[in-house]
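S.K.: So that we are looking at the same thing, I have put the structure below in structure tokens.
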Amino acid sequence: MIRNPLEAILNSNKREEKTMSKPVVATTSLAGCFGCHMSLLDIDERILTLIELVEFNKSPVDDIKTFTKAVDIGLIEGGVCNSENVEVLKSFRKHCKILVSVGECAIMGGLPALRNGIPVEECLHEAYIGGPTVQLNKDGIMPNDDELPMLLDKVYPCHEIVKIDYFLPGCPPRADLIWDALVALVTGDPMKLPYEVVKFD
Amino acid sequence: MSNLIKFKIDGKECMAEAGKFIVDAAADNGIYIPTLCNMKGVKPKGACRICSVRINGRLMTSCTTPVADGMEIESNSTDIQDLRKSIIELLFVSGNHFCPACEKSGNCELQALAYRYQMMVPRYPYEFPMKPVDASSPRIIKDQNRCIFCKRCIKTIKDETGRSYFVFRNRGHKLEVVLDEEMGKTINSATAHLAMENCPVGSILVKEKGFDTPIGKRKYDKEPIGSDIKL
Ligand code: SF4
Ligand code: SF4
Ligand code: SF4
Ligand code: FES
């Protein structure tokens, strides 16, 4: 007897294991705070089901740094604030069949986008020279190492840089929403969107 | 009663007193039509158009249009729903709505409408306009990033002589609803709280107030806006 839908997924997965490989998931944090990743971990014991259900590729979750195969689902946390974010996001688009913007930052820039509308120069000046908490930068040095990514003129929502297929609002999105979305994407079932789990904060 | 008239909303037979505005007549019949600029007890102004319905092939704002005998009103068709959703989306992209950091989050009517219409992402590009925050009054913060120009504050927040605390300034793209500088200095606590309450969004905030209701217990955490309207 099958007690819950998850076991059904697991069982069907086990049966097909020999012929079918598991869906592959990759995740990244662009201009985000890792809160969305924390929310993914917040699915509690379902995490055990998740690792049965999918395989992780490039992701901070398993510390795989580069794509090693084609990915089915890419989860993007954070908006796009610098040149490195653009590169990472584009490489996710290239390697992932489905891209999901996870959280307010990915969807609309989030708190980092509070700087949008203020010239970058002014932001840097405030952060490194003029701001009330700046104390030890007597020579007024701005970070200028070639290795550092360039700041963009503003923080961009991910879908203004590449095509994004799905959006999961929230700051962070509720763990239940991330879970439901992942299960829906893996099983192909329609996504449930109960009122209480789709929130902007 | 003799002045009861009959009309239809999306094919459903309804009854109401003649002369009532369509939104109110609909509510009397258990039908929710979304509103944003409209407020009970205040003369409607038809500013936001979220309450649009179709009558005789024409879109009309149901908060300003009185119901008439035999009227056939279309409200929940797909294209009207989408029009309402697009108005919500426009309001989000034309201001700066950082809900996670907003004191009104969970109690905000604009956000609640976005939830009800399942806005996952606006279809329009974000404008990120530069807007000021005025914290010069001892009691009130007026955050222009979130103002949707509904005029609810202008119409309802007045002193004993009938003067509005809030006024329009500038025109066109520079239009603002501001707290009158002089009156802002002396606004009392009760009036300030009423102003915050009457503002549908988080554009009027009472100083030292915010985030006092835990997530899960706020007005629109569990039930969509309009849930109170049923038979
Ligand atoms: S949406 Fe919220 S939780 Fe997610 S990265 Fe942005 S700030 Fe952090
Ligand atoms: S006013 Fe409403 S929509 Fe705007 S940021 Fe605040 S909660 Fe969000
Ligand atoms: S401050 Fe609030 S009530 Fe006044 S016009 Fe703006 S949104 Fe409306
Ligand atoms: S509620 Fe009718 S126009 Fe705003």
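Top to bottom, those sequences are chains A and B.
Just so we're aligned: 1562 in the working numbering is position 182 of the first sequence, and the numbers increase by one with no gaps anywhere.
Just so we're aligned: 371 in the working numbering is position 113 of the second sequence, and the numbers increase by one with no gaps anywhere.
Beta carbons are placed, not taken as given, at the ideal position from N, Cα and C, and that holds for glycine.
At a cut-off of 7 Å, is G304 (chain B) close to ligand 4 when judged by its beta-carbon and the heavy atoms of the ligand?
M.R.: For ligand 4, at least one heavy atom lies less than 7 Å from the Cβ of G304 (chain B).
S.K.: By DSSP's criteria, P1523 (chain A) is part of a beta bridge. Which residues make up the other side?
M.R.: DSSP lists no partner for P1523 (chain A).
S.K.: Indicate the three-state DSSP secondary structure (helix, strand or coil) for G1510 (chain A) in the structure shown.
M.R.: In this structure, G1510 (chain A) counts as helix in the three-state DSSP scheme.
S.K.: Under 7 Å between beta-carbons, which chain B residues line up against C1551 (chain A)? List them in chain order, please.
M.R.: P358, listed in chain order.
S.K.: Does P472 (chain B) have its Cβ less than 8 Å from a Cβ in chain A?
M.R.: Cβ-Cβ to chain A under 8 Å: no for P472 (chain B).
S.K.: Whose Cβ in chain E lies nearer than 8 Å to the Cβ of V1578 (chain A)?
M.R.: Checking the listed chains, one finds no chain E in this structure; the protein chains it contains are A and B.
S.K.: Are the CB atoms of I406 (chain B) and L349 (chain B) within a distance shorter than 8 Å?
M.R.: A contact, by the Cβ cut-off of 8 Å.
S.K.: For K480 (chain B), decide whether its Cβ has a neighbour in chain A, counting only Cβ atoms nearer than 8 Å.
M.R.: For K480 (chain B), the answer is yes, since a Cβ of chain A falls inside 8 Å of its Cβ.
S.K.: Measure from the C-beta of N1465 (chain A) to each C-beta in chain B and report whether the shortest distance is under 8 Å.
M.R.: No, because no Cβ of chain B sits closer than 8 Å to the Cβ of N1465 (chain A).
S.K.: By the DSSP assignment, the beta strand (DSSP E) with M318 (chain B) in it spans what residues?
M.R.: Run containing M318 (chain B): R316 to T319, per the beta strand (DSSP E) assignment.
S.K.: Just how far apart, CA to CA, sit Q339 (chain B) and M1571 (chain A)?
M.R.: Cα to Cα, the separation comes out at about 21 Å.
S.K.: With 8 Å as the threshold, decide whether the Cβ of G1490 (chain A) is near any Cβ in chain B.
M.R.: Closer than 8 Å: yes.
S.K.: List the residues of chain B whose Cβ lies closer than 9 Å to the Cβ of N1417 (chain A), in chain order.
M.R.: Residue identity check: residue 1417 (chain A) is His in the sequence provided, not Asn. Per Cβ cutoff of 9 Å: no residues; H1417 (chain A) is ~16 Å from chain B at best.
S.K.: Does the beta-carbon of G1454 (chain A), which I'm using as the reference point, lie nearer than 7 Å to any heavy atom of ligand 1?
M.R.: Not under cutoff, so the answer is no.
S.K.: Could you name the residues of chain A that F386 (chain B) contacts, counting a contact when the two beta carbons are closer than 8 Å?
M.R.: Result: G1489, A1493, N1496, G1497 and K1534.
S.K.: For R427 (chain B), report the span of its beta strand (DSSP E) as first-last.
M.R.: Start and end: F424 to R427.
S.K.: Please confirm if Q339 (chain B) has its CB atom under 8 Å from at least one CB of chain A.
M.R.: Q339 (chain B) does not count as touching chain A.
S.K.: Do the region 287 to 305 of chain B and the region 393 to 403 of chain B make contact, defined as three or more Cβ pairs closer than 8 Å?
M.R.: They do not touch, by the three-pair rule.
S.K.: Less than 8 Å between CB atoms is the rule here; does H1475 (chain A) satisfy it with respect to chain B?
M.R.: So no, H1475 (chain A) is outside the interface.
S.K.: Count the other CB atoms within 10 Å of the CB of M454 (chain B); is the residue buried (16 or more) or exposed (fewer)?
M.R.: Flag for M454 (chain B) reads buried.
S.K.: Does any C-beta atom of chain B lie closer than 8 Å to the C-beta of E1484 (chain A)?
M.R.: Closer than 8 Å: yes.
S.K.: Would you mind sorting M388 (chain B) into buried or exposed? The rule is 16 or more other CB atoms within 10 Å of its CB.
M.R.: M388 (chain B) is exposed by the Cβ-count criterion.
S.K.: Return the chain-ordered list of same chain residues with a C-beta closer than 6 Å to the C-beta of N261 (chain B), the five sequence neighbours on each side being excluded.
M.R.: E275 and A276, listed in sequence order.
S.K.: Following a CB-centred definition, is C1416 (chain A) positioned closer than 7 Å to any heavy atom of ligand 1?
M.R.: It does: the Cβ of C1416 (chain A) is within 7 Å (strictly closer) of some heavy atom of ligand 1.
S.K.: By the 10 Å Cβ neighbour count, where 16 or more other Cβ atoms means buried, how is V1578 (chain A) classified, buried or exposed?
M.R.: It counts as buried.
S.K.: In whole angstroms, what separates the C-alpha of G328 (chain B) from that of S363 (chain B)?
M.R.: So the alpha carbons of these two residues sit roughly 41 Å apart.
S.K.: Can you find the residues in the same chain that come closer than 8 Å, C-beta to C-beta, to L433 (chain B), ignoring five residues on each side of it along the sequence?
M.R.: Contacts found: F407, F426 and R427.
S.K.: What residues in the region 1538 to 1567 of chain A have a beta carbon less than 7 Å from any beta carbon of chain B?
M.R.: For the region 1538 to 1567 of chain A, which is checked against every Cβ of chain B, the residues closer than 7 Å are H1539, E1540, F1547, P1549 and C1551.
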